[in-house]
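First residue of the sequence shown: 403, per our numbering; consecutive thereafter. Yeah, the Cβ is synthetic: ideal placement off N, Cα and C, and Gly gets one too. So the structure is just underneath, and the comments pick up after that.
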Amino acid sequence: MIAIIDYGMGNLQSVQKAFLKLGFSAEIISDANKLNNVSHIVLPGVGAFKDAMYGLNQTGFIEPLMQSIQTGKPLLGICLGLQLLFTESSEGGRYQGLNLIPGRVDRFPDSVKVPQIGWNQIKQTKPNNPLLQGVPDNAYVYFVHSYYVIPEDNTVIATTTEYGIAFTSMIWKDNIFATQFHPEKSQKIGLQILANFATLK
């Protein structure tokens, strides 16, 4: 079963509906102990980095989440859920993240309109990504964000996107996958990505 973590922030129902539409079992969970009994984990997120880290702390998800990842369970971070995986964010100050992926989260430069809202392309940079099987290069997906991630290790970058600058729009490291875009809002392409994630072993 796929667990969608409810820590008080995130577009949970639309993510769940997308998996259900594809025929996969997906449950929104607010009890961190339930992570022991699931096969896949989704970390969604909408809102501010500081508030999200506070929510993860308050709901007790951080340690069980870390343990689940260490055991090899596939993780999919979505939007803010991608950013939370990094070391720190400059949003509203300087705040520590989960540090699963070394790097930082910064705001788009003033030269572009923020937030980026709407459809944009993802250029694939890492071959054999299981989540991008059946997804053409430069496919369009849906974004809503003002901040972007900067990994220290470029080998985790799975796709990049142009928005004033070239930024990381998807990462992949071992059993950790995360997208800056919203697959649940990205129609056929997004559903393909979610189906690929749900069938990971």
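For this session: Could you tell me the distance, in whole angstroms, from the CA atom of Asn501 to the CA atom of Glu490?
Result: The residue you call residue 501 lines up with position 99 of the sequence shown. The residue you call residue 490 lines up with position 88 of the sequence shown. Those two C-alpha atoms are separated by around 7 angstroms.
Exercise. Could you check where the alpha helix (DSSP H) with Ile421 kicks off and where it finishes?
Worked result: The residue you call residue 421 lines up with position 19 of the sequence shown. Before going further, note that residue 421 is Phe rather than Ile in the sequence given. Unbroken alpha helix (DSSP H) run through Phe421: Leu414 to Lys423.
For this session: Pick helix, strand or coil for Pro553, following the three-state DSSP scheme.
Result: The residue given as residue 553 occupies position 151 in the sequence shown. Reduced to three states, the DSSP call for Pro553 is strand.
Problem set entry | Option in Asp508, Lys436 and Gly483 with minimal Cα separation from Tyr550 | Residue 550 sits at position 148 when you count from the first residue of the sequence shown. Proximity to Tyr550 across Asp508, Lys436 and Gly483 peaks at Asp508, based on C-alpha coordinates.
Exercise. By Cβ distance below 7 angstroms, which residues in the same chain neighbour Gln535 in space, the five residues on each side in sequence not counted?
Worked result: Stepping through the sequence shown from its first residue, residue 535 is reached at position 133. Within the same chain, and ignoring the five residues on either side of Gln535 in sequence, the residues whose Cβ sits closer than 7 angstroms to its Cβ are Asn598.
Exercise. By how many angstroms is the C-alpha of Val546 removed from the C-alpha of Pro517?
Worked result: Stepping through the sequence shown from its first residue, residue 517 is reached at position 115. Stepping through the sequence shown from its first residue, residue 546 is reached at position 144. Computed Cα separation, rounded: 6 angstroms.
Exercise. Bridge partners of Ala580, per DSSP?
Worked result: Stepping through the sequence shown from its first residue, residue 580 is reached at position 178. Bridge pairing for Ala580: Gly479 and Ile573 [DSSP].
Exercise. Quick one: Cα of Tyr409 to Cα of Gly457, how far?
Worked result: Position 7 of the sequence shown, counted from the start, is the residue given in the question as residue 409. Position 55 of the sequence shown, counted from the start, is the residue given in the question as residue 457. The alpha-carbon atoms of Tyr409 and Gly457 are separated by roughly 5 angstroms.
Exercise. When the Cβ atoms of the region 460 to 474 are set against those of the region 563 to 572, are three or more pairs found closer than 8 angstroms?
Worked result: Flag = no, the region 460 to 474 and the region 563 to 572 do not touch.
Exercise. Quick one: any contact between the region 440 to 459 and the region 550 to 562, if contact means 3 or more CB pairs under 8 angstroms?
Worked result: Too few Cβ pairs lie closer than 8 angstroms, so no.
Exercise. Who does Gln523 pair with in a DSSP beta bridge?
Worked result: Residue numbering aside, residue 523 sits at position 121 when the sequence shown is read from its first letter. For Gln523, the beta-bridge partners assigned by DSSP are Tyr542.
For this session: For Gly425, count neighbouring C-beta atoms within 10 Å of its own C-beta (all shown protein chains included) and say buried if the count is 16 or more, exposed if not.
Result: As a working note, residue 425 is residue 23 in the sequence shown. Gly425 counts as exposed, since fewer than 16 other beta carbons sit within 10 angstroms of its beta carbon.
Exercise. Between the C-alpha atoms of Ile443 and Thr562, what's the straight-line distance to the nearest angstrom?
Worked result: Counting from one through the sequence shown, the residue named residue 443 turns up at place 41. Counting from one through the sequence shown, the residue named residue 562 turns up at place 160. Going from the Cα of Ile443 to the Cα of Thr562 covers about 24 angstroms.
Exercise. Excluding five sequence neighbours on each side, which residues of the same chain lie with their C-beta closer than 7 angstroms to the C-beta of Pro532?
Worked result: Indexing the sequence shown from 1 puts residue 532 at position 130. Cβ neighbours of Pro532 beyond the five flanking positions: Asn598 and Leu602.
Exercise. For the putative contact between Ile471 and Gly447, defined by C-beta atoms under 8 angstroms, what is the C-beta separation to the nearest angstrom?
Worked result: Locating residue 471 in the sequence shown gives position 69, where the first residue counts as 1. Locating residue 447 in the sequence shown gives position 45, where the first residue counts as 1. In this structure Ile471 is not in contact with Gly447, their Cβ atoms being roughly 16 angstroms apart against a cut-off of 8 angstroms.
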